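Encoded as structure tokens, the structure appears first; notes follow it.
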Amino acid sequence: MKSISLTINGETVTGQVEPRTHLADFMRGQLGLTGTHLGCEQGVCGACTVIIDGQPMRSCISYAVACDGATIQTVEGFDDDADLKALRTAFSANHALQCGFCTPGMLMTARDIVRRLEEPDTHRIRQELSGNLCRCTGYQGIVTAIASVIEQKPMAAKTQESRPKEATRIVAPKPFSVVATQDAPGTKTLSVSKLAMIVDSEGWTCLNQTLDLPHPQSEAWAFFEDLNQVAACMPGAQIDTIDGNDIRGHMQIKFGPIRASFDGTAQRKTDPGTKSGTLIGHGADRVSGTAADGGLTYSISALDAQTSRVSVEVRFKLTGPLAQFGRSGLVRDFAGRLTSQFGENIARVMAGESLATNAKGNDINALSLVWSVLTSRIKELFGK
Amino acid sequence: MKPAPFDYNKPASLSLAVSQLSETSGSGKIIAGGQSLGPMLNLRLARPNSVFDIRQLEELRGIQSDADSVSYGAAICHVDFEDGLVEDATQGMMRHVAGGIAHRAVRNRGTIGGSLAHADPAADWVNTTVALNATFTVLGATGRRTIAAPDFFLGAFTTSLNDDEVLEKITIPRLSDEAAWGYYKICRKKGEFAEAIGILVVDPIRGYARAVMGAVDAPPIVLDDLARSIAEAGTARDINLDQVVQQALPDANPISLRHHCVALQRAIQQVYPS
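Chains as they are written, first to last, in our numbering: chain S, 64 to 447; chain H, 693 to 966.
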């Protein structure tokens, strides 16, 4: 618990809060200021918008502990405010609310709009209002109400907060010669792999990678027979025990602020005749309660006596809280980088190089290499 | 929807923040405006053991400028750029970009450094700093280093920042008064995550030209050769942009390709209308 002291609607308020308590919960739960509404609690809907130190902000993604010492105004604190008086009247006159759930946030944003805009430009008002959602879709009335308040404002008040104009933009410069930018990316290249990715109808993400290695088929096959060596090439993966073809291990994932550690088991099947194998596994991250199912299929063919081609298919599917992360494109980018790095690492280990490691064994940030491979592919476009 | 419990610390200086962060061996997280981290905490996608709040550190809110560049403290808010409260090194480009980030209530609290360190590929600053060839200064337990923007972004949400490093300032090379820029962002709704971002920056005095394709679910794609051929011709008339975009994004679906092509084309048209 942390002690905080802040000014809310003109009164000094002190309280004990858990760091995870956001400002809206603190005000609604501990202070009974239920005028501020909570909708999405992820900064999207705008219902919880309040004025913090003079500016509208989201109280659901501002933590109470971080507002220690701040001055807050909520919808309850504007009885004598001229702008809000005018807005209340205008909202009423223009039927700018139906159920009223979004109204506290709408009023906070509307007040900011009427204080900043000089002209009742409805296009601009709609843009400024885009961070406040009304599920009754009553936007027309809200926009009209805000425009009417701006229109009624005395000239002096309008010019008071006018902003400097944007700089005039230059267009169509004359031709000139370009000096090469030295720190453009894509200088390091180690392009041994090709990667393709699809998401099938049952939610499995499948990544196919082919690696051409300057090693005979038998050498590549021997490499894949050594599970410890293979696991060392997968960023974040660690084998705990191997019992025949049964493997127990864990895999750490760091994806920006998202971290997870999947503990699990896998079974391997190999077919020395066709030089192919599969690893099927299941794991769970105990902290988030997310489960992962995955499979790795590989086959090794001889391109000639000295070179071989490794085809790897990685399939995985997440279920549980982490699977609800809505930005699937970003997850695919992450999985793609992981798989590419796996391939690059295999090529490097087989070439006798050691892998860059940090204290924890695997450095996922060594992924820079993969990115340079991608940019090099783009550079090829221009014959460079 | 409540975050998992975490410890909250408000270090009195950046160097204290760095040393406290390095003691968490990866389980701590820096927070500034919290406009990206906050939602992920509330959704429990992110569950750091402790957060270190650097939003109010004065040393991260200043600017330093000289003849060649302007350095911005990492905790400067988007709104300070939007309202012209800090000097703009880029002939209005940063100001224009800032005004298009999310919503005003988010811009009032969100910071440029937080957005960059979060490294969402769809973020305006991520793509803009690459287009401007910015340099980032980061402070870590073992000292200070600088990283060029194109080398900073390694993947979605992935940067070259180590676990004990904090972004300190962003240095933007000045655009001359003959420079021109185009910026076009496609969103389903204003303030939503971008579907595509196209950028062109040309500066005849500095001999600088760079085009960027952004919001590609991966770090910004730098198209220096495209920019060079446009700048040296003084027109984009002879460029087959469809082909350039398609080759840069071989796995993209047709809708996404169209978005990126249109965004880039409109950015170029803002600089070279014919």
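Backbone N, C-alpha and C fix where the C-beta goes; we use that ideal spot for every residue, glycine too. Treat the numbers as computed from the prediction; the structure is a model and nothing was measured.
Within-7 angstroms CB hit, residue i to chain S
| i | result |
| --- | --- |
| PHE698 of chain H | yes |
| HIS951 of chain H | no |
| PRO731 of chain H | yes |
| PRO896 of chain H | yes |
| PRO695 of chain H | yes |
| ARG958 of chain H | no |
| GLU750 of chain H | no |
| PRO703 of chain H | no |
| ASN800 of chain H | yes |
| PRO965 of chain H | yes |
| ALA872 of chain H | yes |
| ALA901 of chain H | yes |
| GLY806 of chain H | no |
| ASN932 of chain H | no |
Contacts of residue i in chain H (Cβ-Cβ under 9 angstroms)
| i | result |
| --- | --- |
| MET90 of chain S | Within 9 angstroms Cβ-Cβ: nothing; MET90 of chain S doesn't reach chain H, min ~15 angstroms. |
Chain-ordered neighbours of residue i on chain H, where CB pairs are closer than 7 angstroms
| i | result |
| --- | --- |
| ASP396 of chain S | GLY847, ALA848, ASP909, ALA910 |
| LEU69 of chain S | What LEU69 of chain S touches in chain H: nothing, since even the nearest Cβ is about 14 angstroms away. |
| GLN93 of chain S | Under the 7 angstroms cutoff, chain H gives no residues; its nearest Cβ is about 14 angstroms from GLN93 of chain S. |
| PRO82 of chain S | PHE698, ASP699, TYR700 |
Terminal residues of the alpha helix (DSSP H) in which residue i lies
| i | result |
| --- | --- |
| CYS296 of chain S | 290-296 |
| THR927 of chain H | From DSSP, THR927 of chain H is part of no alpha helix (DSSP H); its letter is neither H nor E. |
| ASN800 of chain H | Run containing ASN800 of chain H: none; DSSP gives neither H nor E here. |
| LYS148 of chain S | 145-156 |
| TYR202 of chain S | 202-215 |
| LEU170 of chain S | 166-179 |
| GLN957 of chain H | 946-963 |
| GLY874 of chain H | GLY874 of chain H -> not in any alpha helix (DSSP H); beta strand (DSSP E) instead, spanning 872-878. |
| SER714 of chain H | 706-714 |
| HIS770 of chain H | 770-774 |
| ASP843 of chain H | 841-844 |
| ILE409 of chain S | 391-413 |
beta-carbon residue i near the ligand GTP non-hydrogen atom, thresh 6 angstroms
| i | result |
| --- | --- |
| MET120 of chain S | Here there are no bound small molecules, and the ligand GTP is not part of this structure. |
Cutoff 8 angstroms; reference residue i; Cβ partners in own chain excluding five residues on either side
| i | result |
| --- | --- |
| SER966 of chain H | THR927, ARG929 |
| LEU290 of chain S | ILE302, ILE305, ILE310, ARG331 |
| PRO384 of chain S | SER351, GLY352, THR353 |
| SER719 of chain H | PRO740, ASN741, SER742 |
Those residues which DSSP pairs with residue i across a bridge
| i | result |
| --- | --- |
| PHE744 of chain H | H:ASN701, H:ILE722 |
| MET260 of chain S | S:LEU270 |
| SER362 of chain S | S:SER339, S:SER374 |
| ALA903 of chain H | H:LEU892 |
| PRO865 of chain H | H:SER761 |
| LEU831 of chain H | H:ARG836, H:VAL858 |
| SER66 of chain S | S:GLN79 |
| ARG322 of chain S | S:LYS317 |
| ARG331 of chain S | S:LEU342 |
CB contact check: residue i to chain H, cutoff 7 angstroms
| i | result |
| --- | --- |
| VAL128 of chain S | yes |
| ILE114 of chain S | no |
| LYS338 of chain S | no |
| THR244 of chain S | yes |
| PHE318 of chain S | yes |
| VAL449 of chain S | In this structure chain S extends from 64 to 447, so residue 449 of chain S is not present and cannot be described. |
| VAL377 of chain S | no |
| PHE325 of chain S | no |
Same chain, Cβ closer than 6 angstroms to residue i, neighbours up to 5 away in sequence not counted
| i | result |
| --- | --- |
| GLY344 of chain S | GLY327, ALA329, GLY357 |
| ALA173 of chain S | LEU150, ILE209 |
| GLU870 of chain H | PRO896, ILE897 |
| GLY457 of chain S | One cannot answer for residue 457 of chain S here, as it falls past the ends of chain S, which runs 64 to 447. |
Boundaries (first-last residue) of the beta strand (DSSP E) holding residue i
| i | result |
| --- | --- |
| LYS274 of chain S | Reading off the sequence shown, one finds Leu at residue 274 of chain S, where the question assumed Lys. Where LEU274 of chain S is concerned, the enclosing beta strand (DSSP E) stretches over 268-276. |
| MET120 of chain S | 118-121 |
| VAL375 of chain S | 371-382 |
| LEU892 of chain H | 888-895 |
| VAL76 of chain S | 74-80 |
| HIS313 of chain S | 309-318 |
Contact set between residue i and chain S, taken where Cβ atoms lie within less than 9 angstroms
| i | result |
| --- | --- |
| LEU655 of chain H | The question about residue 655 of chain H has no answer, for chain H in this structure spans 693 to 966. |
| ALA887 of chain H | Correcting the residue type first, residue 887 of chain H is Glu in the shown sequence and not Ala. Per Cβ cutoff of 9 angstroms: no residues; GLU887 of chain H is ~10 angstroms from chain S at best. |
| GLU924 of chain H | PRO238, PHE239, SER240, VAL241 |
Cβ shell of residue i (< 7 angstroms), same chain only, five flanking positions each side left out
| i | result |
| --- | --- |
| PRO217 of chain S | none |
| LEU933 of chain H | CYS953, LEU956, GLN957 |
| PRO183 of chain S | ALA210, ILE213, GLU214 |
| GLY847 of chain H | ALA910, PRO911 |
| GLY340 of chain S | PHE287, ARG331, LYS332, THR333, ASP334, TYR361 |
| TRP434 of chain S | Confidence is the limiting factor: at TRP434 of chain S the pLDDT is only 44, short of 50, which leaves the residue's position unreliable, though a coordinate-based value still follows. If we look at TRP434 of chain S and ignore the five residues flanking it on each side, it has no Cβ neighbours. |
| GLY832 of chain H | VAL710, ASN854, ASP856, GLU857 |
Closer than 7 angstroms at the beta carbon, the chain S residues around residue i
| i | result |
| --- | --- |
| HIS770 of chain H | Going along chain S, no residue has its Cβ under 7 angstroms from HIS770 of chain H, so there is no contact; the nearest lies around 12 angstroms. |
Closer than 8 angstroms at the beta carbon, the chain S residues around residue i
| i | result |
| --- | --- |
| ARG747 of chain H | ALA129 |
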